[in-house]
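Peer 1:
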Amino acid sequence: MLKTISVAHSPDADDIFMYYAIKFGWVTPKDAVFENIADDIETLNQATLKGEYDICAISFALYPFVKEDYALLKTAVSFGEGYGPKLIKKKDKKLKRNFKVALSGEFTTNALLFRIAYPEARITYMNFLDIEKAVLDGEIDAGVLIHESILTYDEELEVEREIWDIWVELSGGDLPLPLGGMCIRRSLPLHSAIDYENTLIKAVDVANKNRKVLAPMLLEKGLIRVDANTLDNYLDLYANDNSVMLSEVQYKALDKLYELGYQNGFYESLVKAQDFLIPSEYEELRAK
Numbered sequence: 000m001l002k003t004i005s006v007a008h009s010p011d012a013d014d015i016f017m018y019y020a021i022k023f024g025w026v027t028p029k030d031a032v033f034e035n036i037a038d039d040i041e042t043l044n045q046a047t048l049k050g051e052y053d054i055c056a057i058s059f060a061l062y063p064f065v066k067e068d069y070a071l072l073k074t075a076v077s078f079g080e081g082y083g084p085k086l087i088k089k090k091d092k093k094l095k096r097n098f099k100v101a102l103s104g105e106f107t108t109n110a111l112l113f114r115i116a117y118p119e120a121r122i123t124y125m126n127f128l129d130i131e132k133a134v135l136d137g138e139i140d141a142g143v144l145i146h147e148s149i150l151t152y153d154e155e156l157e158v159e160r161e162i163w164d165i166w167v168e169l170s171g172g173d174l175p176l177p178l179g180g181m182c183i184r185r186s187l188p189l190h191s192a193i194d195y196e197n198t199l200i201k202a203v204d205v206a207n208k209n210r211k212v213l214a215p216m217l218l219e220k221g222l223i224r225v226d227a228n229t230l231d232n233y234l235d236l237y238a239n240d241n242s243v244m245l246s247e248v249q250y251k252a253l254d255k256l257y258e259l260g261y262q263n264g265f266y267e268s269l270v271k272a273q274d275f276l277i278p279s280e281y282e283e284l285r286a287k
């Protein structure tokens with residue numbers, strides 16, 4: 000009997016795109032059935048803190064808090080290069096030093112960078128889908144938009160500051176902005192965890208190589224919140240060749256993120272991303 004493994008991801012276009020090669024049966028794990036759950040990223044961050052899922056999408060900023068129970072996966076990653084979440088406000092509104100702002104969650108990467116850059120801001124947290132309306136309605140002075148909303152926000156709004164620009168200032172300017180990835184429960188048998196990671200790597204690669212086939216299928220089934228042109232633009236940003244496997248420069252970016260978090264008192268210890276991966280070389284050694 001095949002084991003059921005829970006795989007949670009966000010409902011935004013890049014996560015769905017990267018996962019659905021599995022959902023459609025194009026890629027399957029050897030000894031398990033993947034059961035997928037879709038929820039907003041901060042809900043998934045909180046669920047990972049509670050250990051609810053076997054494999055889960057997370058904000059990279061969360062990882063140091065769950066490193067003892069979860070290993071980082073090397074695939075299904077999203078980084079920004081010249082773009083990313085946006086701090087928006089109504090046009091012509093001037094923000095005070097202690098302006099009220101909505102962020103998409105306490106453990107999101109954008110929240111970590113925002114809190115370093117704006118220590119006096121009054122922060123409230125809400126579902127990312129509600130932030131734009133809250134700014135338009137005047138409930139808050141500003142909000143940080145993520146996911147597809149960075150491409151589709153109302154014309155009454157303008158960008159106060161790019162989170163990318165904050166990242167450049169803090170990191171030195173030569174690294175991509177780490178946003179989200181996936182982690183896997185450490186208690187799973189190692190040989191199984193390696194297979195699950197390889198399955199996800201293959202799924203992301205297959206999706207990326209078959210984008211012209213997969214994207215229309217997702218749109219036809221109503222699985223994506225945006226139109227075809229916006230989806231195409233969004234996948235260019237967050238589900239591309241750089242999403243398949245973590246690269247050396249992406250590891251450096253993660254280490255810089257965790258260094259900044261540690262230096263500013265958000266983490267108790269300094270984390271190096273490559274120390275917390277699945278030891279995939281185990282399978283090679285076992286085969287000898």
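Residue numbers for the sequence shown follow numbering that gives the first Met the number 0, so the first one is 0 and each next one is one higher. Just so you know, even glycine gets a beta-carbon here, dropped at the ideal spot from N, CA and C. From a predicted model like this one, the values you see are computed outputs, not experimental measurements.
1) Kindly confirm or deny that the segment 78-97 and the segment 167-186 touch, where touching means at least three C-beta pairs closer than 8 Å.
2) Spatial neighbours of His146 within its chain, please: C-beta separation below 7 Å, excluding the five flanking residues on both sides.
3) Are the beta-carbon atoms belonging to Ala60 and Leu234 less than 8 Å from one another?
4) What are the boundary residues of the alpha helix (DSSP H) that includes Pro177?
5) So, helix, strand or coil for Thr47, using DSSP?
6) May I have the straight-line CA-CA distance separating Val213 from Trp25, to the nearest angstrom?
7) Going by DSSP in three states, Asp279 sits in which element: helix, strand or coil?
8) Buried or exposed for Arg184, please, with buried defined as at least 16 other CB atoms from any protein chain shown within 10 angstroms of its CB.
9) When the Cα of Asp164 is compared with those of Glu41, Lys85 and Thr123, which residue comes out closest?
10) Kindly provide the ranges of any beta strand (DSSP E) runs that are 3 or more residues long and lie completely inside the segment 6-87, ordered along the chain.
11) Take Ala101 and list the residues in its own chain whose beta-carbon comes closer than 6 Å to its own, dropping the five residues that flank it on each side.
12) Just how far apart, CA to CA, sit Lys271 and Asp91?
13) Buried or exposed, going by whether 16 or more other CB atoms sit within 10 Å of the CB of Ser170?
14) Using the beta-carbon count (16 or more within 10 Å), is Leu269 buried or exposed?
Peer 2: By the coordinates alone:
1) Touching, per the Cβ criterion.
2) Answer for His146: Asp11 and Phe127, listed in chain order.
3) No, the pair does not count as a contact, with Cβ atoms beyond the cut-off.
4) Run containing Pro177: none in the alpha helix (DSSP H); it sits in the beta strand (DSSP E), Leu176 to Arg184.
5) DSSP, reduced to helix, strand and coil, places Thr47 within a helical segment of the structure shown.
6) It should be noted that the sequence gives Leu, not Val, for residue 213. Distance between the alpha carbons of Leu213 and Trp25 is about 11 Å.
7) First, the amino acid is wrong: residue 279 is Ser here, not Asp. It is coil, neither helix nor strand.
8) Flag for Arg184 reads buried.
9) Nearest option by C-alpha distance: Lys85.
10) Counting only runs of 3 or more, we get 31-37, 54-58, 69-71 and 77-79.
11) Within the same chain, Ala101 has close Cβ partners Thr123, Met125, Ile130, Ala133, Ile139 and Gly142.
12) Near 42 Å, if we compare the C-alpha coordinates of Asp91 and Lys271.
13) Buried is the call here.
14) Here Leu269 is exposed: its Cβ has fewer than 16 other Cβ atoms, across all protein chains shown, within 10 Å.
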